[in-house]
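K.L.:
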Amino acid sequence: MTPLIAIPVRLAATRLPNKPLADVNGTPLVIHVWRRAVAAGIARVVVACGDREIADVVTKAGGEAVMTDPSLPSGSDRVAAAADIVDPGGRYDVVVNLQGDVINAEPADLKALLTPLDATDAAVSTVATEMHPALYADPNSVKIALSIKPGARAGRALYFSRATIPYGDGPLYHHFGLYGFRREALRRFVRMEPSQLEKRERLEQLRALEAGMRVDVALIDHVLYEINTEEDLVRERARLAAQQG
83 MTPLIAIPVR LAATRLPNKP LADVNGTPLV IHVWRRAVAA GIARVVVACG DREIADVVTK
143 AGGEAVMTDP SLPSGSDRVA AAADIVDPGG RYDVVVNLQG DVINAEPADL KALLTPLDAT
203 DAAVSTVATE MHPALYADPN SVKIALSIKP GARAGRALYF SRATIPYGDG PLYHHFGLYG
263 FRREALRRFV RMEPSQLEKR ERLEQLRALE AGMRVDVALI DHVLYEINTE EDLVRERARL
323 AAQQG
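So for the sequence shown, our numbering puts the first residue at 83; every next one is plus one.
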(Lines of atoms letter the chains of each structure in order from A and count residues from 1; the text may use other names and numbers.)
(Lines give C-alpha, C1' and ligand atoms only; values in the text may rest on other atoms or scores of the structure.)
Protein backbone atom coordinates (compact mmCIF):
# COMPACT_ATOMS: atom_id res chain seq x y z
CA MET A 1 0.00 0.00 0.00
CA THR A 2 0.97 3.62 -0.60
CA PRO A 3 -1.12 5.62 1.89
CA LEU A 4 -1.83 9.34 2.14
CA ILE A 5 -2.98 10.90 5.42
CA ALA A 6 -5.35 13.84 5.02
CA ILE A 7 -6.56 15.98 7.93
CA PRO A 8 -9.83 17.81 7.05
CA VAL A 9 -10.36 21.14 8.82
CA ARG A 10 -12.48 24.28 8.49
CA LEU A 11 -13.23 27.23 10.73
CA ALA A 12 -17.03 26.98 10.69
CA ALA A 13 -18.23 24.94 13.66
CA THR A 14 -21.43 25.39 15.60
CA ARG A 15 -20.20 24.20 18.98
CA LEU A 16 -16.62 25.54 18.91
CA PRO A 17 -16.03 28.23 16.28
CA ASN A 18 -12.48 28.49 14.87
CA LYS A 19 -11.71 25.11 16.43
CA PRO A 20 -8.65 24.20 14.29
CA LEU A 21 -6.87 27.34 15.46
CA ALA A 22 -7.85 26.96 19.13
CA ASP A 23 -4.86 27.38 21.41
CA VAL A 24 -3.84 24.17 23.17
CA ASN A 25 -0.99 25.05 25.51
CA GLY A 26 0.63 27.45 23.06
CA THR A 27 0.04 25.46 19.85
CA PRO A 28 -2.98 25.50 17.52
CA LEU A 29 -5.07 22.34 17.69
CA VAL A 30 -4.53 21.52 14.02
CA ILE A 31 -0.75 21.57 14.50
CA HIS A 32 -0.98 19.07 17.38
CA VAL A 33 -2.93 16.71 15.10
CA TRP A 34 -0.58 17.25 12.14
CA ARG A 35 2.51 16.56 14.27
CA ARG A 36 1.08 13.25 15.49
CA ALA A 37 0.34 12.18 11.93
CA VAL A 38 3.86 13.04 10.82
CA ALA A 39 5.32 11.21 13.84
CA ALA A 40 3.72 7.97 12.64
CA GLY A 41 6.17 7.98 9.72
CA ILE A 42 3.88 5.91 7.51
CA ALA A 43 2.66 8.33 4.87
CA ARG A 44 2.70 11.76 3.32
CA VAL A 45 0.55 14.07 5.43
CA VAL A 46 -1.57 16.91 4.05
CA VAL A 47 -4.00 19.22 5.82
CA ALA A 48 -7.17 19.65 3.76
CA CYS A 49 -8.14 23.23 4.58
CA GLY A 50 -11.43 24.97 4.02
CA ASP A 51 -10.01 28.37 4.99
CA ARG A 52 -6.88 30.32 4.09
CA GLU A 53 -6.22 31.20 7.75
CA ILE A 54 -5.72 27.52 8.60
CA ALA A 55 -3.52 26.94 5.56
CA ASP A 56 -1.26 29.82 6.58
CA VAL A 57 -0.82 28.40 10.09
CA VAL A 58 -0.05 24.91 8.75
CA THR A 59 2.44 26.21 6.20
CA LYS A 60 4.19 28.36 8.82
CA ALA A 61 4.62 25.24 10.99
CA GLY A 62 6.24 23.39 8.08
CA GLY A 63 3.21 21.36 7.03
CA GLU A 64 1.63 20.81 3.63
CA ALA A 65 -1.72 22.60 3.30
CA VAL A 66 -4.20 21.97 0.50
CA MET A 67 -7.04 24.42 -0.14
CA THR A 68 -10.42 22.77 -0.70
CA ASP A 69 -13.89 24.18 -1.36
CA PRO A 70 -15.20 25.58 1.98
CA SER A 71 -18.74 24.49 1.08
CA LEU A 72 -17.93 20.76 1.04
CA PRO A 73 -20.45 19.01 3.29
CA SER A 74 -18.20 16.64 5.26
CA GLY A 75 -14.67 15.73 6.23
CA SER A 76 -14.80 12.74 3.90
CA ASP A 77 -15.63 15.02 0.97
CA ARG A 78 -12.77 17.33 1.94
CA VAL A 79 -10.31 14.45 2.21
CA ALA A 80 -11.36 13.09 -1.19
CA ALA A 81 -10.97 16.54 -2.77
CA ALA A 82 -7.52 17.01 -1.25
CA ALA A 83 -6.37 13.59 -2.47
CA ASP A 84 -7.48 14.41 -6.02
CA ILE A 85 -5.69 17.77 -5.88
CA VAL A 86 -2.32 16.45 -4.68
CA ASP A 87 -2.51 13.13 -6.52
CA PRO A 88 -4.70 13.27 -9.64
CA GLY A 89 -2.95 10.22 -11.06
CA GLY A 90 -3.93 7.93 -8.19
CA ARG A 91 -0.45 7.00 -6.93
CA TYR A 92 -1.78 6.87 -3.36
CA ASP A 93 -4.06 3.83 -3.21
CA VAL A 94 -5.19 4.33 0.40
CA VAL A 95 -6.38 7.59 1.96
CA VAL A 96 -6.52 8.00 5.75
CA ASN A 97 -9.07 10.46 7.10
CA LEU A 98 -7.62 11.76 10.39
CA GLN A 99 -10.10 14.17 11.91
CA GLY A 100 -8.63 17.52 12.76
CA ASP A 101 -9.99 17.49 16.30
CA VAL A 102 -8.57 14.10 17.41
CA ILE A 103 -5.64 15.30 19.46
CA ASN A 104 -4.35 12.06 21.00
CA ALA A 105 -4.05 9.62 18.09
CA GLU A 106 -0.82 7.68 18.51
CA PRO A 107 1.42 6.44 15.68
CA ALA A 108 0.40 2.90 16.67
CA ASP A 109 -3.27 3.78 16.09
CA LEU A 110 -2.58 4.95 12.54
CA LYS A 111 -0.55 1.84 11.83
CA ALA A 112 -3.31 -0.38 13.26
CA LEU A 113 -5.84 1.36 11.02
CA LEU A 114 -3.99 0.18 7.92
CA THR A 115 -3.73 -3.45 9.05
CA PRO A 116 -7.18 -4.61 7.84
CA LEU A 117 -6.61 -3.06 4.41
CA ASP A 118 -3.34 -4.92 4.12
CA ALA A 119 -4.73 -8.25 5.35
CA THR A 120 -8.23 -8.38 3.78
CA ASP A 121 -10.24 -7.08 0.85
CA ALA A 122 -12.06 -4.54 3.04
CA ALA A 123 -12.93 -1.27 1.30
CA VAL A 124 -12.80 0.80 4.49
CA SER A 125 -11.06 0.42 7.84
CA THR A 126 -11.61 2.12 11.16
CA VAL A 127 -10.68 1.70 14.84
CA ALA A 128 -12.33 0.92 18.17
CA THR A 129 -11.56 -0.12 21.71
CA GLU A 130 -13.55 -1.91 24.40
CA MET A 131 -16.13 0.46 25.85
CA HIS A 132 -16.34 1.39 29.52
CA PRO A 133 -19.70 0.22 30.95
CA ALA A 134 -20.48 3.79 32.06
CA LEU A 135 -20.83 4.71 28.37
CA TYR A 136 -23.13 1.86 27.30
CA ALA A 137 -26.26 4.02 27.37
CA ASP A 138 -24.58 7.20 26.06
CA PRO A 139 -25.78 7.94 22.49
CA ASN A 140 -22.66 10.05 21.89
CA SER A 141 -20.53 6.91 22.27
CA VAL A 142 -20.92 4.92 19.05
CA LYS A 143 -21.09 1.14 19.31
CA ILE A 144 -20.29 -1.56 16.76
CA ALA A 145 -21.81 -4.95 16.14
CA LEU A 146 -18.41 -6.45 15.42
CA SER A 147 -17.73 -9.92 14.06
CA ILE A 148 -14.40 -10.75 15.67
CA LYS A 149 -12.71 -13.99 16.75
CA PRO A 150 -11.60 -14.41 20.38
CA GLY A 151 -8.18 -12.88 20.87
CA ALA A 152 -8.12 -11.22 17.44
CA ARG A 153 -7.16 -7.57 17.01
CA ALA A 154 -9.41 -6.88 14.03
CA GLY A 155 -12.82 -7.92 12.77
CA ARG A 156 -15.65 -7.03 10.41
CA ALA A 157 -18.24 -4.38 11.22
CA LEU A 158 -21.82 -5.55 10.78
CA TYR A 159 -23.50 -2.37 12.06
CA PHE A 160 -22.77 0.90 13.88
CA SER A 161 -25.26 2.48 16.25
CA ARG A 162 -25.76 5.02 19.00
CA ALA A 163 -27.92 2.39 20.69
CA THR A 164 -26.47 -0.31 22.96
CA ILE A 165 -25.54 -3.13 20.58
CA PRO A 166 -25.18 -6.06 20.48
CA TYR A 167 -27.53 -7.44 23.14
CA GLY A 168 -26.31 -9.96 25.73
CA ASP A 169 -23.12 -10.71 27.61
CA GLY A 170 -19.75 -9.70 26.25
CA PRO A 171 -17.79 -6.55 25.49
CA LEU A 172 -19.14 -3.55 23.62
CA TYR A 173 -16.82 -1.75 21.25
CA HIS A 174 -16.38 2.01 21.22
CA HIS A 175 -15.96 3.34 17.69
CA PHE A 176 -13.82 6.36 16.77
CA GLY A 177 -14.02 8.36 13.55
CA LEU A 178 -10.62 7.53 12.13
CA TYR A 179 -10.93 5.96 8.65
CA GLY A 180 -8.78 4.34 6.01
CA PHE A 181 -10.30 4.18 2.51
CA ARG A 182 -9.08 2.39 -0.54
CA ARG A 183 -8.87 5.18 -3.08
CA GLU A 184 -11.65 3.95 -5.34
CA ALA A 185 -13.85 3.21 -2.31
CA LEU A 186 -13.44 6.82 -1.17
CA ARG A 187 -14.36 8.13 -4.61
CA ARG A 188 -17.44 5.90 -4.63
CA PHE A 189 -18.39 6.87 -1.08
CA VAL A 190 -18.44 10.62 -1.65
CA ARG A 191 -20.44 10.23 -4.88
CA MET A 192 -23.26 8.43 -3.06
CA GLU A 193 -26.19 10.21 -1.45
CA PRO A 194 -26.49 9.89 2.34
CA SER A 195 -28.35 6.67 3.13
CA GLN A 196 -31.50 6.29 5.20
CA LEU A 197 -29.78 4.59 8.14
CA GLU A 198 -26.96 7.14 7.99
CA LYS A 199 -29.46 9.97 8.36
CA ARG A 200 -31.39 8.16 11.08
CA GLU A 201 -28.34 7.33 13.23
CA ARG A 202 -26.31 10.37 12.11
CA LEU A 203 -23.38 8.07 11.31
CA GLU A 204 -21.87 8.39 7.84
CA GLN A 205 -20.11 5.01 7.96
CA LEU A 206 -23.54 3.38 7.59
CA ARG A 207 -23.61 4.73 4.03
CA ALA A 208 -20.75 2.38 3.21
CA LEU A 209 -22.39 -0.64 4.85
CA GLU A 210 -25.75 0.00 3.18
CA ALA A 211 -23.95 0.15 -0.18
CA GLY A 212 -22.43 -3.29 0.46
CA MET A 213 -18.91 -2.03 1.16
CA ARG A 214 -16.88 -4.11 3.62
CA VAL A 215 -15.76 -2.14 6.69
CA ASP A 216 -13.18 -3.75 8.97
CA VAL A 217 -12.26 -2.57 12.47
CA ALA A 218 -8.85 -2.66 14.15
CA LEU A 219 -8.75 -2.63 17.95
CA ILE A 220 -6.59 -0.06 19.70
CA ASP A 221 -5.71 0.21 23.38
CA HIS A 222 -7.11 3.59 24.39
CA VAL A 223 -9.90 6.10 23.84
CA LEU A 224 -9.46 8.74 21.14
CA TYR A 225 -10.64 12.16 22.30
CA GLU A 226 -12.36 14.62 19.99
CA ILE A 227 -12.47 18.31 20.84
CA ASN A 228 -15.96 19.56 20.10
CA THR A 229 -16.72 21.94 22.96
CA GLU A 230 -15.00 24.43 25.22
CA GLU A 231 -15.13 21.81 27.99
CA ASP A 232 -13.25 19.35 25.75
CA LEU A 233 -10.63 22.00 25.10
CA VAL A 234 -10.13 22.65 28.82
CA ARG A 235 -9.79 18.90 29.45
CA GLU A 236 -7.13 18.44 26.79
CA ARG A 237 -5.14 21.47 27.95
CA ALA A 238 -5.05 19.96 31.45
CA ARG A 239 -4.19 16.47 30.17
CA LEU A 240 -1.29 17.70 28.06
CA ALA A 241 -0.01 19.93 30.85
CA ALA A 242 0.03 16.94 33.20
CA GLN A 243 1.95 14.87 30.65
CA GLN A 244 4.54 17.59 30.19
CA GLY A 245 4.92 18.40 33.77
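Glycine included, every Cβ here is placed at the ideal spot set by N, Cα and C.
Computed from a predicted model, the values in this text were never measured in an experiment.
Leaving out the 5 sequence neighbours to the left and right, which residues in its chain are closer than 6 Å to R162 when beta-carbon positions are compared?
P.N.:
Note on residue identity: the sequence assigns Ala, not Arg, to residue 162. The answer, listed in chain order, is L268, V272.
K.L.:
With a cut-off of 8 Å on the beta carbons, I'd call V91 and I136 a contact; round off their distance for me.
P.N.:
5 Å
K.L.:
Counting only the same chain and skipping the five closest in sequence on each side, list residues whose C-beta sits under 6 Å from that of P189.
P.N.:
A121, A122
K.L.:
Please check the pair V176 and P85, which I expect to be a contact at CB under 8 Å, by giving their CB distance rounded to whole angstroms.
P.N.:
Confirmed, about 4 Å.
K.L.:
Under 8 Å between the Cβ atoms of G262 and V206?
P.N.:
Yes, the Cβ-Cβ distance between G262 and V206 is below 8 Å.
K.L.:
Is the stretch 225-244 in contact with the stretch 283-290, if contact means three or more CB pairs nearer than 8 Å?
P.N.:
Short answer: they touch.
K.L.:
DSSP three-state call for E266: helix, strand or coil?
P.N.:
helix
K.L.:
Using a threshold of 8 Å, state whether the C-beta atoms of A194 and I89 are closer than that.
P.N.:
no
K.L.:
Mind checking R134: buried by the 16 CB within 10 Å criterion, or exposed?
P.N.:
exposed
K.L.:
Going by DSSP, which residues form a beta bridge with F242?
P.N.:
Its beta-bridge partners are I226.
K.L.:
Which class does E286 belong to by DSSP, given the choice of helix, strand or coil?
P.N.:
coil
K.L.:
Only counting the same chain, and skipping five residues up and downstream in sequence, which positions put a Cβ closer than 8 Å to that of S277?
P.N.:
Only L288, R289, E292, A293 meet the Cβ criterion.
K.L.:
In whole angstroms, give me the CA-to-CA distance for S153 and N179.
P.N.:
18 Å
K.L.:
Please check the pair I167 and V139, which I expect to be a contact at CB under 8 Å, by giving their CB distance rounded to whole angstroms.
P.N.:
Not confirmed; about 19 Å, so no contact.
K.L.:
State the DSSP-derived secondary structure class of A236, mapped to helix, strand or coil.
P.N.:
strand
K.L.:
Excluding the five sequence neighbours on either side, which residues of its own chain have a C-beta within less than 6 Å of the C-beta of H214, listed in chain order?
P.N.:
none
K.L.:
Tell me where the beta strand (DSSP E) around T211 begins and ends.
P.N.:
206-212
K.L.:
Looking at C-alpha atoms only, which residue of P232, H257, D200 is the closest neighbour of K225?
P.N.:
H257
K.L.:
Return the first residue and the last residue of the alpha helix (DSSP H) that P189 is part of.
P.N.:
189-201
K.L.:
Suppose the cutoff is 6 Å on Cβ atoms and the five residues either side in sequence are ignored; what does the same chain contact list for L217 look like?
P.N.:
S223
K.L.:
Could you spell out the range, first to last residue, of the alpha helix (DSSP H) harbouring I167?
P.N.:
157-168
K.L.:
Can you give me the Cβ contacts of D151 inside the same chain, cut-off strictly under 7 Å, excluding the 5 residues immediately before and after it?
P.N.:
A163
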